[in-house]
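K.L.:
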Amino acid sequence: MTTEYLSVHPEVEKAISNGDPVVALESTIIAHGMPYPQNVETAKRVQGIVRSEGAVPATIAILNGKMVVGLDEQELELVGKGSDFLKVSRRDIPLVLAKKFNGATTVASTMFIAAKAGIHIFVTGGIGGVHRGASETLDISADLIELATSNVAVVCAGAKAILDIGLTLEYLETHGVPVVGYGTENFPAFYTRNSGFGVDYSVNSFAELAQALKAKLDLGLTGGMVVANPIPEEHELDPGMIATAISEALAAAKTKQIHGKKITPFLLSHIAAITGGDSLKANIELVCHNARAGAKLAKEFSALQH
Ligand code: PSU
Ligand code: MN
Numbered sequence: 000m001t002t003e004y005l006s007v008h009p010e011v012e013k014a015i016s017n018g019d020p021v022v023a024l025e026s027t028i029i030a031h032g033m034p035y036p037q038n039v040e041t042a043k044r045v046q047g048i049v050r051s052e053g054a055v056p057a058t059i060a061i062l063n064g065k066m067v068v069g070l071d072e073q074e075l076e077l078v079g080k081g082s083d084f085l086k087v088s089r090r091d092i093p094l095v096l097a098k099k100f101n102g103a104t105t106v107a108s109t110m111f112i113a114a115k116a117g118i119h120i121f122v123t124g125g126i127g128g129v130h131r132g133a134s135e136t137l138d139i140s141a142d143l144i145e146l147a148t149s150n151v152a153v154v155c156a157g158a159k160a161i162l163d164i165g166l167t168l169e170y171l172e173t174h175g176v177p178v179v180g181y182g183t184e185n186f187p188a189f190y191t192r193n194s195g196f197g198v199d200y201s202v203n204s205f206a207e208l209a210q211a212l213k214a215k216l217d218l219g220l221t222g223g224m225v226v227a228n229p230i231p232e233e234h235e236l237d238p239g240m241i242a243t244a245i246s247e248a249l250a251a252a253k254t255k256q257i258h259g260k261k262i263t264p265f266l267l268s269h270i271a272a273i274t275g276g277d278s279l280k281a282n283i284e285l286v287c288h289n290a291r292a293g294a295k296l297a298k299e300f301s302a303l304q305h
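So in numbering that gives the first Met the number 0, spot 28 of the sequence shown is number 27, and the numbers just go up one at a time.
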């Protein structure tokens, strides 16, 4: 499917029109969430995992003013190496298209584009949320607003403790977004398995999750679903250690007066530096773990369409 604004890779397009399993993937995590070359290696590894589980990966980005669904390995390299890939959330899309810029898509914009292309399952690391201190800064990620709008299930390892997880969950509740734990009663905190907050529902089977997704679609309940898949125990970071690193990174952001779209990438790279790369390693492993889960969910969801 190629329109004025959208270009879908033929393999992805075929899978979508056949109702075969497809998994959307974001690109901000590649361009702004991890350093080169680990970012490109991870993006390729994630695509490989999705394939090995029997689904078609569809990494999404904006290339030269066009929304592209299904990047090839050369294009992944471009996103990971290119310094001209803007962090594109929902509000940036029209201008980045008009100006023919390159853009890396966040959870919000990836959800929007995936929904346009007809993809219902999307894998990422962690969602954006309500930032700490939001009662003063009003910094609430557009990811949450998109979750209230676009009908896409987002498989993630929860939300990072750089955010106010309690307020993030309140926001999702108000906007009617189901928050489901896969194999857990606890909402995970990205680098760790338990944020101290619970989930609404816990499921242990992807078939059941696919049924819930289908019911939501059939009923026309707009908005997405958060599928929280905790980081595997063997890759979990020490909660005390990561809490200290996060506080230090938040203090540095305050001193340097970093706001808006720059804050998440700043905190991520700062935390990676403080932890001597441990947080990056955990990030890579949890994304790969989510890719496996997302592909399994996509397969079950596809089975319901046939
Ligand atoms: N969480 C991560 N890594 C990331 C991001 C979130 O662990 O790279 C990115 C995602 O693309 C997410 C975005 O959509 O940060 C949220 O940014 P903001 O808070 O500016 O909306
Ligand atoms: Mn923000």
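Glycine included, each C-beta is placed from N, C-alpha and C at the ideal position.
Between the Cα of ALA147 and those of GLY219, LEU94 and THR243, spot the shortest distance and give me the residue it belongs to.
P.N.:
GLY219
K.L.:
From LEU279 to ILE118, what distance separates their C-alpha atoms?
P.N.:
Roughly 28 Å between the two C-alpha positions.
K.L.:
Can you give me the C-alpha to C-alpha distance between VAL225 and ALA152, rounded to a whole angstrom?
P.N.:
6 Å
K.L.:
Using 8 Å as the threshold, is the C-beta distance between ALA188 and LYS159 below it?
P.N.:
Yes, the Cβ-Cβ distance between ALA188 and LYS159 is below 8 Å.
K.L.:
May I ask whether a heavy atom of ligand 1 can be found less than 7 Å away from the beta carbon of LEU168?
P.N.:
In terms of side-chain proximity, the C-beta atom of LEU168 is found no nearer than 7 Å to any non-hydrogen atom of ligand 1.
K.L.:
Please name the residue, chosen from PHE84, ALA23 and GLU235, that lies closest to ALA103 on a Cα-to-Cα basis.
P.N.:
PHE84
K.L.:
Between which two residues does the beta strand (DSSP E) carrying ASN193 extend?
P.N.:
ASN193: member of the beta strand (DSSP E) spanning 191-197, first to last residue.
K.L.:
For MET0, I'd like the list of residues in its chain whose CB is within less than 6 Å of its CB, leaving aside the five on either flank, ordered along the chain.
P.N.:
VAL7 and GLU12
K.L.:
Can you name the start and end residues of the alpha helix (DSSP H) that VAL151 belongs to?
P.N.:
Premise fails: VAL151 is in no alpha helix (DSSP H) and is neither H nor E.
K.L.:
Do the CB positions of CYS155 and THR105 come within less than 8 Å of each other?
P.N.:
no
K.L.:
Using 10 angstroms around the beta-carbon of ASP237, count the other beta-carbons present and answer buried if the total reaches 16, otherwise exposed.
P.N.:
exposed
K.L.:
Whole angstroms is fine: what's the gap from HIS234's alpha carbon to ARG192's?
P.N.:
Going by the C-alpha atoms only, they are around 10 Å apart.
K.L.:
Would LEU77 and LYS43 qualify as a contact pair, given that the criterion is a beta-carbon distance under 8 Å?
P.N.:
At the C-beta level, LEU77 and LYS43 stay beyond 8 Å of one another.
K.L.:
Output the boundary residues of the beta strand (DSSP E) element that contains SER201.
P.N.:
Note, SER201: beta strand (DSSP E), 200-202.
K.L.:
Taking one C-beta from the stretch 195-209 and one from the stretch 123-138 each time, how about it: are there three or more such pairs within less than 8 Å?
P.N.:
no
K.L.:
What residues in its chain sit with their C-beta under 6 Å from that of ASN38, if we drop five residues either side in the sequence?
P.N.:
ILE29 and GLY79
K.L.:
Helix, strand or coil for THR221, going by three-state DSSP, please let me know.
P.N.:
coil
K.L.:
Just the C-alpha distance for SER325 and GLN304, rounded to the nearest angstrom, thanks.
P.N.:
In this structure the chain extends from 0 to 305, so residue 325 is not present and cannot be described.
K.L.:
Excluding the five sequence neighbours on either side, which residues of its own chain have a C-beta within less than 8 Å of the C-beta of LYS298, listed in chain order?
P.N.:
PRO20, GLU52, GLY53, ALA54 and PHE205
K.L.:
Taking the beta carbon of SER149 as the centre, do at least 16 other beta carbons fall within 10 Å, making it buried, or is it exposed?
P.N.:
A residue is called buried when at least 16 other Cβ atoms come within 10 angstroms of its Cβ; SER149 meets this threshold and is buried.
K.L.:
Within 10 angstroms of the Cβ of GLN46, are there 16 or more other Cβ atoms? Answer buried if so, exposed if not.
P.N.:
buried
K.L.:
Helix, strand or coil for ILE262, going by three-state DSSP, please let me know.
P.N.:
helix
K.L.:
Could you please give the first and the last residue of the uninterrupted alpha helix (DSSP H) stretch that includes ASN63?
P.N.:
For ASN63, no alpha helix (DSSP H) segment is defined, and its DSSP state is neither H nor E.
K.L.:
Residues bridged to ALA57 by DSSP?
P.N.:
ALA23
K.L.:
Where VAL286 and ILE144 are concerned, what is the direct C-alpha to C-alpha distance, given to the nearest angstrom?
P.N.:
So the two alpha carbons sit approximately 22 Å from each other.
K.L.:
For LEU5, which of ALA60, GLY259, ALA14 and ARG50 has the nearest alpha-carbon?
P.N.:
ALA60
K.L.:
Less than 8 Å between the C-beta atoms of ILE257 and PHE265, yes or no?
P.N.:
yes
K.L.:
Identify the continuous alpha helix (DSSP H) that holds TYR170 and give its terminal residues.
P.N.:
The continuous alpha helix (DSSP H) containing TYR170 extends over residues 164-173.
K.L.:
Residues in its own chain within less than 8 Å of GLU232 by CB, not counting five upstream and five downstream?
P.N.:
ARG192
K.L.:
How long is the line joining the alpha carbons of GLY32 and VAL202, rounded to whole angstroms?
P.N.:
29 Å
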